[in-house]
Each structure stands twice: as C-alpha cells, then as structure tokens.
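Residue numbers (the numbering used here), protein chains in the order written: chain A, 578 to 1140; chain B, 240 to 623.
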C-alpha cells in the first residue's frame, strides 16, 4: 500500500513571492501501518491545543478502496494550508520524506533508528506561541511553535508549515540516531556539525522539489551560484523576525575560522560556526552543479539552461551521498570539522579512488575557510589490508558484544585505544550501500565498528568548576565485508595532531565558560529546580574526584534560540 | 573626623539597611542625613517572621530622632524588600515620615503601558498559579515561597503604599536625572541599574503548555487537562511528552523571580573618597548590562546581592572590576551578606562566597543566630 499526501513545497511567503504553487504531493510507501493522526509505527503527529492542552482530532486515514493500493488522509480543503488537517498531514509528509532521503540505498542504505528508547518520533505541529522549533531527545519529539509576525500583527507564522524548518529539525533527530554521542559533546564544532547537517538536510529537501527546482532555475537562468531559495534557510521565519535580514541563515557565505579574516565567526558559538561548514559544503554543491551542467551540454552552450534541472537533480544526489555517507564514518566522541572532512574524503575515496574532483573541491573549501591548516590534514588512507581482519568472522563481530569487545581489546593498537583504558563498543552495523561508478552501479556491504573511551583534559573555567574534565574520543573502523579490506579508519583522538587537539580544547573552554557565565551550565545541585527536578533550561555538570563531566550540551542549541 | 555609618538589620530573609551620612544643611551646618534601603522579608516559612519589623522601625525612628527620613530606596518589587514599611504602618502603627523616595522604574503605576513587553512575567505568573491550583502536589515549600514572593497582587499593595510614602517620589533607572530628587549636598549618587526598559532583563522563558482549563463558570477551580494517547501511539512516550510540556513552569518561575531581581536599583554612594555599592538583588544579567554600559568600578563596600546567591554574585571577571585584586587603594574593603538559610534553594552559596568574595574583602554575615531578630550588626563605619 502507498499513501499519497500533500506537503508544503517551501513556506507560504516563498510560494507567494516566487509565484509558484504552495503544495505538492508525496507518496509514502514503506510503513507498516497508517492510522489517524497521522500515526505510523515510526512517526506520530500529536496536534495539541496549546491553550487547553487537549489533543485535537488527527487527520483521518482513508485506506485504499477495495482492489486499489493508494490510500490517503482526509483533508477538507487542500488549499487551506492553515487548517489543522492540512498542517497535520503536511508536517507528517515532510518528516517522512526527510527520513526516506537518508534511508535511500545510495545514502545510508538502512532503516533509521532513533537515539531514544521508543518506536516513534512525536511531532507537535502547534506546540505553542514562540518563534522557535526544536528536536528534543528526552521527549522523543519535534516541537514546532507558531508566533505572531511582529511586523504584521495580523499574521501568524507556523514553523510546521516551513519545509526548511521541519526538515532541519528532522535532520537533528535523524543525526541523533546516527551519531548519538554528539548530543553530549562539549566541542563547539561537534554541536555546529549537528546544526550544519540539519541545514544541509533542509537544502537537500528543497532540491527534491521539482516545482521549486523549476521555479528557481527559471528565475536564475539555470544557476544556483547566487542567492536563491535553496541557499536561504527558513525565509518566512527569518523575514518575520528581521525583515531586513531575510532568511534565518544563508548557506551562500564566505565565513571562515580564520582568526584574522573579516568573515571569521565566533569559535564558541555552534550556530555561527555551523555556517562555516554548511557554507563550505554549499560551495562544493555549486561546483558539482556547474560541473554537471558543463558535462551535460556536450559542447553546446545553448543547452546550459535546459540541462540545468537535470544537473541539479543529479548533483543533489551526489551531494547527498557525499555528506550522508560520511556520517557513518564519523568517529565517536568530540569531533571537529576536520574529522567530518576526513570522513567525507574517506567515504568518497574508498568508493571512487580515481575520481578526485569532488575531493579537491572539499579540500579547497576546508583549507580556504581554515577548518584545517592544509590539505595534508585531510589525507586519509583507504582500502588497505590489516592482519587483524584476515580471520575475523564479521557476522559474529556484528552480533556478539562479547566478540566485539574481545576484538577491540586484541586490536587496541589498530583502533588507537590506549592500553589499560576501559572502552565502550557501539552497536555494530551491517550495511549495504549502492555506489555509482564509471562502470555502473555496485553494491558494497560494510561492517561499521565503533569504539570510544574517555580521556581527561584541563578544564579552565575558573574556580567554580573542577580543574579537569572528562571528554570522550573514539575510532570508526569500516570494513569491506567481501574483501576484508579496511575502507576507512578514523579517530577523534587527536593526540597525534597536537595543533588540532589544542584548538578544540581551547574552543571547549570558551564555550563552556560562556555557558557557565550565562548560567546555562551549572554544577550538580545548582541544576536542580525548586521542585527537586532538573531544570529544563540548564545543562548539568557533575563533579567526581576533581573531574567534571557534562551531558546533554546539545540541549543548549535550542536553549540559545535554536531553529 | 566624621563617620559614615551603615547599619544592617536582621529581618530574617530580606533586606533592611540604614545608611547615615554626614552632610551639610542648607545653611552649611553639619547635619547627618539618613537613607533607608528596602525593609521586608518573605511571606512564608522561618525566614518570613513579621515580628522583626517592630524593633527595626523603632530603631530607625530612634535614629531619626523626630526628623523625617531624607531618602528611602525601594530596590525592587519583591516582598522580601517591600513589605516591611506597610506592615509597620498598618499593623504596628509605626509610620515613617519621608522626604524623598526612589522606587525602581518599573514600579511606576503606568510602567507596563509604556513598556508592554515587560508585562510577560505577570502573565506567566498567573498561568503558573493556575497550574499549582489545579495540581497542588507540585508546589514544594521552596516553590511556595517563590510564588508568594513574586505574587504581583501582594506586592501591589506594598508598592502602592511606598509610591505615596514620601513628599517626593522618583522612579529611577540608569541615566535618569537625580537633580532635586534627594537633599544631599556632599554625597554623590550614581545609579548603575536598572535600565529604563526592564524587559531586557527577562532573558529566555521556556514555552509552557500547561494544559489547565477552567469550566464555563469563571469562579470555578482550574483543572488539569489529561489527554489520552490516540491509537497506535506509544503510551509511555505520550504521557512523558505531556508532562514534559508542562515542566517549563519551574524554569519560568525562576525566570520571573530573576527578572524582578534584575530590576533592582543598583546605586553607588560616594562620600569623601569612599564608594559604597547597594545592588539590591541584581543578578547576572543586570551585572552584565552594567558592565556593558561601563558602570562597574572599584568600591569599598558591597552589600552582597540577592542574599549571597550564586546568581547574585557577579562573575569573577566583573567582580574584578568592583573589588579588584590587589586593591587600588589602601582603604579597608568590606561586604555584608544578609540572608537566612533554607528559605530559597541554594541561597546563600557559601562555597562560592568563600571562594570568590572572602579573598577580596572582609565579609560579614547577618543571618540566623548572628544577631537577634530585628537587631543589627555592629555598625560599619567609614571615616572621612
């Protein structure tokens, strides 16, 4: 059975000023069941009345007629985008479409798992009055708020009607399932990575809309090099908050980490930092698109416009493969942009060793924006043999925790785990991904093995906090199931890269000091409210034996005005 | 040699401070003028016993010796700072005659018409109150104290009384004109805070979806909405979510409390080279704003803000500007913490005060057991 549902193409204001329709259809295919709400095994829309707390009636599921396969949800008027039934179905469709994009066989190639212990992501399309939206692991939910446009008091802005915002928050939820340790990271660049991936998820969802692609390319003559609805994240939301500033964030930027650069960003602010990474990757996407346009015109410049749509669709797929597959290779623990850059390079190089162009663009951007000191910092070894993998039974390694621990303990040198240090093994993954190579499509089966351990470092936050803190580092080992070659071996322990290590440590100091100064991070009992429970608006730091440990820093992403 | 004198009373959990300043009369004759700051304590628990007010006001009247008080300062609209004078007048028949009064800017009757954004804390307070009525088991003793201390209806009566207390009442804020708003000829006043628009201090409020409804009868008791999970929805996660959406009220009550504290009048009294700082209950956000406006400078006396809480003491980098190490001159430096343990959660934060404040100056505590109720510490004297 499949279910056809309507969803917002972008947001109400973009549709208006671009002169395009607001809604397009999407077919949902792979769910076990559909119920009113909409509710499926993996996603449930819960439309609360923010004033009374009552649960509003969910959109009614209309199963296929006898002998037919196409179901739908009842919507009284598909043109009334502000009606509850439309809002419920549109937000559901956007979330599910975003999930499917990650699950495609040329991306992650598997069903997603949530980071929380529960089957469903709960979607609250009208969470209350606030100019915000966020993913919250503890409540298994996406909370999408609405607010009165301060510059047009008669107008209500619903974040659940912004495809960018819904895709962005869904991106957070999905990434939390793929790399759950990022949630506890104290490194600004780790948190910024969460933000950047969420923004790029919104970008990829925008590329998926045929209507939007056509409209934008029509208006730009086939190019995405300048500012477009693609590079602008959450336009309606951003314009309501700041009519002069336009969208909430722009991916078309020159931002860098260079301390002396005019376009530098604050190294302790994950939101600002994220724009360096997302800006770099968007610039690569522009190069991919332009490259494909040149290739597709086959020497006839008059065809540049006519091929631009296909080039964009194909380019977006390449871009998706590049940025999503790398998430599987990301080592656990406190990661930097450089770690993610190395993961992108490794994932691409392992599959396309001879096609170097996209890796060149990545290197150019990472060096230009000073995310790495030089191109050598992104070099990784891929597709190599190691005796440890010769005899190992990968099936057993995936299924048995004991076997996985035993393997890691025996191969500490390979994995970089210091002797005598206790470690943690993450659930192993047996994944098969589809690769497009010059000689055609090929499926590659991999075993993904992740191990992490704790280290301590100086905690220079002032006398109120312990002198040292605990951080987590780790290694990802990706093994080709058939050849037993190591496709990638990536570590977040930067002790062999002292400069990177020092910068990340300084950044952690800066961010934690800011959180402490703003009262957003508190030690032990100070994080407990007068009701005896942990405060929602602060991050709790614990101290034991002179060591500070912090969990759930990612919550500050929405504490400091996330979208 | 003249002596400026600071007398800090034990009103349990609250503030009452009398500052006596050698000055001159209109004719140039020596004359001691007096400033009374706040007078109040919390409404509930051990920290809120009203018996303290009689000895305090009697002592103030004795010091005034039949003359009117020169200046009364109400730092902010919290009961532990405002309720004492109304209580003394209406219940004890002890009424002060006051020439000038300074009230924090947001205490002006028309304030919320001018600054509607600042109204949010009042609206949220009412929502939280309804939730606690509908679900009284949520109201721990600490929350009860905070609710009472922030109750706009209770403070309204006290503030109304204080508005009409003096011959001349001014609503003060940083940058306001103080000419003719006090009779002092030699002492100088510098108002460091609050800002005129206090909504700046509110910071972030958690979204609240409390799910409290009233019946059609407006006098009916509020009740808690208890939605049930629809078919196919994980019930445990559903109820967890409903409760999670309610839980922001605790953070918001703290935010309301902080917002009011941050509206505190913070003033520096300068007399013959001495600088004395009275910050009411200013918290971090206010200290940060003062710093942003370059207000912070070295002082010789600090009334520890907010009863010695961790949010009242300025961050170390800001404290460095107020009580720098080493001291910029050889004058004695002192601080007083007026507090009463176990009234407000984690107040005072003695570990923090020991770590950050004690190394910088002599610190005296006025709290349970240090001096009798309504009594005062030995006067702090500043010779000049």
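Quick reminder that beta carbons are idealized off the backbone N, C-alpha and C, glycines included.
Check: Proximity winner among B:518, B:391, B:279 and B:481, relative to residue 625 of chain A (alpha-carbon distances); Outcome: B:481
Check: Sub-7 Å separation of residue 507 of chain B and residue 493 of chain B beta-carbons; Outcome: no
Check: Under the three-state DSSP convention, the category residue 605 of chain B falls into; Outcome: strand
Check: Closest by C-alpha distance to residue 650 of chain B, when choosing among B:336, B:263 and B:452; Outcome: No answer is possible for residue 650 of chain B: it lies beyond the span of chain B, which begins at 240 and ends at 623.
Check: Distance between residue 390 of chain B and residue 1136 of chain A (C-alpha atoms, nearest Å); Outcome: Note that residue 1136 of chain A has pLDDT 45, beneath the 50 cutoff, so the model's placement of it is unreliable and the number below is only indicative. Going by the C-alpha atoms only, they are around 27 Å apart.
Check: Residues sharing a beta bridge with residue 725 of chain A, DSSP; Outcome: A:733
Check: Residue 1036 of chain A CB to nearest heavy atom of the ligand ZN below 6 Å; Outcome: Because no ligand of any kind appears in the structure shown, any question about the ligand ZN cannot be addressed here.
Check: Given 8 Å, three or more beta-carbon pairs between the segment 584-598 of chain A and the segment 806-821 of chain A; Outcome: yes
Check: Touching by the beta-carbon criterion (3+ pairs, under 8 Å), the segment 1008-1025 of chain A and the segment 920-932 of chain A; Outcome: yes
Check: Close-in-space but distant-in-sequence residues of the same chain around residue 676 of chain A (CB under 8 Å, 5 per side omitted); Outcome: 619, 620, 689, 747 and 751
Check: Residue ranges of each alpha helix (DSSP H) within the segment 765-798 of chain A, 4 or longer; Outcome: 765-784 and 787-797
Check: Within 7 Å, strictly: CB atoms of residue 464 of chain B and residue 630 of chain A; Outcome: yes
Check: C-beta neighbour in chain A for residue 602 of chain B, strict 7 Å; Outcome: no
Check: Cβ neighbour criterion (16 or more within 10 Å) applied to residue 510 of chain B; Outcome: buried
Check: Beta-carbon proximity check, residue 1047 of chain A vs residue 1029 of chain A, cutoff 7 Å; Outcome: no
Check: Residue interval of the alpha helix (DSSP H) (run including residue 747 of chain A); Outcome: 740-755
Check: Helix, strand or coil at residue 937 of chain A according to DSSP, with G and I counted as helix; Outcome: helix
Check: Same chain only: Cβ atoms within 7 Å of residue 919 of chain A, ignoring 5 sequence neighbours per side; Outcome: 955, 957 and 1067
Check: Cβ pair residue 570 of chain A, residue 1104 of chain A closer than 7 Å; Outcome: One cannot answer for residue 570 of chain A here, as it falls past the ends of chain A, which runs 578 to 1140.
Check: Contacts of residue 696 of chain A in chain B (Cβ-Cβ under 9 Å); Outcome: 473 and 476
Check: Length of the line joining the Cα atoms of residue 849 of chain A and residue 1089 of chain A; Outcome: 16 Å
Check: Run of the beta strand (DSSP E) containing residue 404 of chain B, from where it starts to where it stops; Outcome: Careful: residue 404 of chain B lies outside any beta strand (DSSP E) and carries neither H nor E.
Check: Residue from A:653, A:874, A:1051 and A:742 whose Cα sits closest to the Cα of residue 1003 of chain A; Outcome: A:1051
Check: Bridge-paired residues (DSSP) for residue 601 of chain A; Outcome: A:584
Check: Cutoff 6 Å; reference residue 988 of chain A; Cβ partners in own chain excluding five residues on either side; Outcome: 965
Check: Contact residues within the segment 614-633 of chain A, judged by C-beta distance below 9 Å to chain B; Outcome: 614, 616, 617, 618, 621, 623, 625, 626, 627, 628, 629, 630, 631 and 632
Check: Neighbour list for residue 388 of chain B in chain A, Cβ cutoff strictly below 8 Å; Outcome: Within 8 Å Cβ-Cβ: nothing; residue 388 of chain B doesn't reach chain A, min ~11 Å.
Check: Three CB pairs or more closer than 8 Å across the segment 471-485 of chain B and the segment 605-614 of chain A; Outcome: yes
Check: Best match in A:897, A:898 and A:600 for proximity to residue 1143 of chain A [C-alpha to C-alpha]; Outcome: Nothing about residue 1143 of chain A can be read from this structure; chain A reaches only from 578 to 1140.
Check: Alpha-carbon to alpha-carbon, residue 266 of chain B and residue 539 of chain B; Outcome: 30 Å
Check: Contact residues within the segment 502-530 of chain B, judged by C-beta distance below 7 Å to chain A; Outcome: 523
Check: Ordered list of beta strand (DSSP E) runs contained in the segment 522-558 of chain B, each at least 3 residues; Outcome: 540-542
Check: Contact list for residue 1103 of chain A against chain B, beta-carbon separation under 7 Å; Outcome: 549 and 585
Check: Residue from B:397, B:403, B:435 and B:335 whose Cα sits closest to the Cα of residue 411 of chain B; Outcome: B:435
Check: Spatial neighbours of residue 720 of chain A in its chain, beta-carbon cut-off 6 Å, leaving aside the 5 residues before and after; Outcome: 701, 704 and 711
Check: Residue 899 of chain A, enclosing beta strand (DSSP E) - first and last residue; Outcome: Run containing residue 899 of chain A: none in the beta strand (DSSP E); it sits in the alpha helix (DSSP H), 885-906.
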